[in-house]
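**Student:** The structure is given below, and queries will be raised subsequently.
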Amino acid sequence: MTQDYYVEKFGQGDPILFLPAAGFSGNEGFKIAEHLSDRFETHMIDLPGFGKSKGIETKVSSIKLANWVKDYLDEQHIEKANLIGHSLGGAILLNFAVHYPDKVNKLVLLDQGHKPFPRVPKSEFGAFAYFFPLLNMLVNLFGKSFLNKLAPLFTQDGEQKVDNDEIRKQFCKQASIEEDDYVRLAFENRADFSVEALNLLFGYYKLNLPNLLKKVTVPTYLVYGTFEGLNEKEYINTKRQVEKLHKHNLPITFQPLKGGHYVHWNQNFAWDELERFLLKNSEVSFVV
4 MTQDYYVEKF GQGDPILFLP AAGFSGNEGF KIAEHLSDRF ETHMIDLPGF GKSKGIETKV
64 SSIKLANWVK DYLDEQHIEK ANLIGHSLGG AILLNFAVHY PDKVNKLVLL DQGHKPFPRV
124 PKSEFGAFAY FFPLLNMLVN LFGKSFLNKL APLFTQDGEQ KVDNDEIRKQ FCKQASIEED
184 DYVRLAFENR ADFSVEALNL LFGYYKLNLP NLLKKVTVPT YLVYGTFEGL NEKEYINTKR
244 QVEKLHKHNL PITFQPLKGG HYVHWNQNFA WDELERFLLK NSEVSFVV
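If you want my numbering, it's the 1-based position in the sequence shown plus 3.
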């Protein structure tokens, strides 16, 4: 643990940085860390402003996200590392890989980068999402003073924060995953919300993820949920967006997985393929 980053480390070997989805702590990646523990030491880091990591207080931009990751690597004296990120965590690592490709060995994106974040993010914020474009404009105009007023609207009350069987079961049903110890661990350690977390979400909202992905130059493994049989509209959109990316000559291995957004909790996740990708021509070094 450092002053600005809350980190849990697991395994032995070359370092992997894991960043989770919004709302979860770094140990959302514990299933990944456990599967790779014989060859890699996974650094499971809380997102800035979520959980116990210090937030980014100024306006969030692509380079600030990249520098947030770079500062951690510098603190740990890691010259070059493997990166694994899910959802918002994947977006942060994608920014880092674009700005600092010489510090990246391999990049693994878990259901991230291939689709733009929706202008009206209904699946994330429900009916409140219809106000998001307007709120984004007001955040740009008034900055942190407006975020301070806005944050209570996004903060769940105490009753909603209680982690019970019904909440987990509903989550697993909607995500089309099986409840297991890894899911329970992640729910027991859900990240606390803060003004800095909201600041991060609005920075994320402004990113053009497919354009960033087209700029990537490092070997990348993209595991994405197809949403086949779960959400017909999202299935069609995912297929169309991936087909667009295939038209470009990108250093990306695309790995479709029948299921939803939480691909690493999908029982059909190809762990051998992930490890093979990470180990192929592996080159990770430390600053002495």
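Ideal Cβ positions, reconstructed from N, Cα and C, are used throughout, including at glycine.
#1: Rounding to the nearest angstrom, what Cα-Cα distance links H27 and S90 in this structure?
#2: Please name the residue or residues paired with P18 in a DSSP beta bridge.
#3: What's the C-alpha gap between G206 and D184?
#4: Do you know how far the Cα of G32 is from the Cα of K12?
#5: Does the Cβ-Cβ distance between T229 and L260 come in under 8 Å?
#6: Grab the span of the alpha helix (DSSP H) containing L50 for me, first residue to last.
#7: Can you give the Cα-Cα distance for Y9 and A84, rounded to whole angstroms?
#8: Assign T45 to buried or exposed, taking buried as 16 or more other Cβ atoms, counted over all protein chains shown, within 10 Å of its Cβ.
#9: Which value, in whole angstroms, describes the spacing of the CA atoms of K3 and S64?
#10: Which value, in whole angstroms, describes the spacing of the CA atoms of K62 and G16?
#11: For L188, I'd like the list of residues in its chain whose CB is within less than 7 Å of its CB, leaving aside the five on either flank, ordered along the chain.
#12: Please tell me whether L212 and G92 are closer than 8 Å, where the distance is taken between their beta carbons.
#13: To which residues does DSSP link K12 through a beta bridge?
#14: Assuming E182 contacts R171 under a Cβ cut-off of 8 Å, what Cβ separation, rounded to an integer in Å, is found between them?
#15: Skipping 5 residues on each side, what residues in its chain have a beta carbon closer than 8 Å to that of L282?
#16: Determine the closest residue to I255 out of F174, I59, K109 and F272, with distance taken between C-alpha atoms.
#17: Thinking F280 and Y227 are a contact (beta carbons under 8 Å), I'd like their distance in whole angstroms, please.
#18: List the residues that DSSP assigns as beta-bridge partners of F257.
#19: Would you mind sorting I239 into buried or exposed? The rule is 16 or more other CB atoms within 10 Å of its CB.
#20: Figure out for me which residue from V72, I81 and W268 has the closest Cα to the Cα of P51.
#21: Could you spell out where the alpha helix (DSSP H) holding I239 opens and where it closes?
#22: Name the DSSP beta bridge partners of G88, please?
#23: In terms of residues, what are the limits of the alpha helix (DSSP H) holding R171?
#24: Take the Cβ of G232 as the centre, count every other Cβ of all protein chains shown within 10 Å, and call the residue buried at 16 or more, exposed below.
#25: Does the Cβ-Cβ distance between L22 and I81 come in under 8 Å?
#26: Which whole-angstrom value is the C-beta distance of G54 and A194, which I expect to be below 8 Å?
#27: Can you tell me whether V107 is helix, strand or coil according to DSSP?
#28: DSSP state of I95, grouped into three classes?
#29: Exposed or buried, which one is T241 when buried takes at least 16 other CB atoms within 10 Å?
**Tutor:** This is what the structure gives:
#1: Your numbering for residue 27 matches position 24 in the sequence shown. Your numbering for residue 90 matches position 87 in the sequence shown. In the sequence on display, residue 27 carries Phe and not His. Whole-angstrom Cα-Cα distance: 11 Å.
#2: Counted from its first residue, the sequence shown places residue 18 at position 15. In DSSP, P18 forms a bridge with E44.
#3: Taking the sequence shown and counting its residues from 1, one reaches residue 206 at position 203. Taking the sequence shown and counting its residues from 1, one reaches residue 184 at position 181. C-alpha separation (whole angstroms): 32 Å.
#4: Counted from its first residue, the sequence shown places residue 12 at position 9. Counted from its first residue, the sequence shown places residue 32 at position 29. CA-CA distance, K12 to G32, rounds to 11 Å.
#5: Against the sequence shown, residue 229 aligns to sequence position 226. Against the sequence shown, residue 260 aligns to sequence position 257. A contact, by the Cβ cut-off of 8 Å.
#6: Along the sequence shown, read from residue 1 onward, the residue named residue 50 stands at position 47. Counting along the chain, L50 falls outside any alpha helix (DSSP H), and DSSP gives it neither H nor E.
#7: Taking the first residue of the sequence shown as 1, we reach residue 9 at position 6. Taking the first residue of the sequence shown as 1, we reach residue 84 at position 81. So the two alpha carbons sit approximately 18 Å from each other.
#8: In the sequence shown, residue 45 corresponds to position 42, counting from 1. Here T45 is buried: its Cβ has 16 or more other Cβ atoms, across all protein chains shown, within 10 Å.
#9: Residue 3 lies beyond the stretch modelled for the chain, which goes from 4 to 291, so this question has no answer here.
#10: Mapped onto the sequence shown, residue 62 falls at position 59. Mapped onto the sequence shown, residue 16 falls at position 13. Those two C-alpha atoms are separated by around 36 Å.
#11: Here residue 188 refers to the residue found at position 185 of the sequence shown. For L188, where only same-chain residues beyond five positions count, the Cβ hits under 7 Å are N30 and F33.
#12: Translated into the one-based positions of the sequence shown, residue 212 becomes position 209. Translated into the one-based positions of the sequence shown, residue 92 becomes position 89. With contacts defined by Cβ atoms closer than 8 Å, L212 and G92 do not form a contacting pair.
#13: Against the sequence shown, residue 12 aligns to sequence position 9. DSSP lists H46 as partners of K12.
#14: Stepping through the sequence shown from its first residue, residue 182 is reached at position 179. Stepping through the sequence shown from its first residue, residue 171 is reached at position 168. That pair is a contact at about 6 Å.
#15: Walking along the sequence shown from the start, residue 282 turns up at place 279. In its chain, beyond the 5 residues on either side, R42 have a beta carbon closer than 8 Å to the beta carbon of L282.
#16: Along the sequence shown, one-based indexing puts residue 255 at 252. It is K109 whose Cα lies nearest to the Cα of I255.
#17: On the sequence shown, position 277 is the one that residue 280 refers to. On the sequence shown, position 224 is the one that residue 227 refers to. For a cut-off of 8 Å, the C-beta gap from F280 to Y227 is around 15 Å, too long to register as a contact.
#18: Translated into positions along the sequence shown, residue 257 becomes position 254. Paired residue(s): L225.
#19: Reading the sequence shown from its first residue, position 236 is the one you call residue 239. With a 10 Å radius around the Cβ and a threshold of 16 neighbouring Cβ atoms, I239 comes out exposed.
#20: Within the sequence shown, residue 51 is the residue found at index 48, counting from 1. The residue with the shortest Cα to Cα distance from P51 is V72.
#21: Locating residue 239 in the sequence shown gives position 236, counting from the first residue. Per DSSP, the continuous alpha helix (DSSP H) segment holding I239 begins and ends at E235 to H249.
#22: By 1-based counting over the sequence shown, the position of residue 88 is 85. DSSP, once it has assigned bridges, lists L22 and L112 as partnering G88.
#23: Here residue 171 refers to the residue found at position 168 of the sequence shown. Boundaries of the alpha helix (DSSP H) harbouring R171: D168 to A178, taken from the DSSP string.
#24: Within the sequence shown, numbered from 1, the residue matching residue 232 stands at position 229. Burial is judged here by how many other beta carbons sit within 10 angstroms of a residue's own beta carbon; G232 has fewer than 16 and is exposed.
#25: Position 19 of the sequence shown, counting from 1, holds the residue named residue 22. Position 78 of the sequence shown, counting from 1, holds the residue named residue 81. No, Cβ-Cβ distance for L22 and I81 is not below 8 Å.
#26: Position 51 of the sequence shown, counted from the start, is the residue given in the question as residue 54. Position 191 of the sequence shown, counted from the start, is the residue given in the question as residue 194. Contact holds; Cβ gap of about 4 Å.
#27: Stepping through the sequence shown from its first residue, residue 107 is reached at position 104. Note: V107 maps to strand in three-state DSSP.
#28: Taking the sequence shown and counting its residues from 1, the one referred to as residue 95 is at position 92. Helix, per DSSP.
#29: Translated into positions along the sequence shown, residue 241 becomes position 238. By the Cβ-count criterion, T241 is buried, with 16 or more other Cβ atoms from all chains shown falling within 10 Å of its own Cβ.
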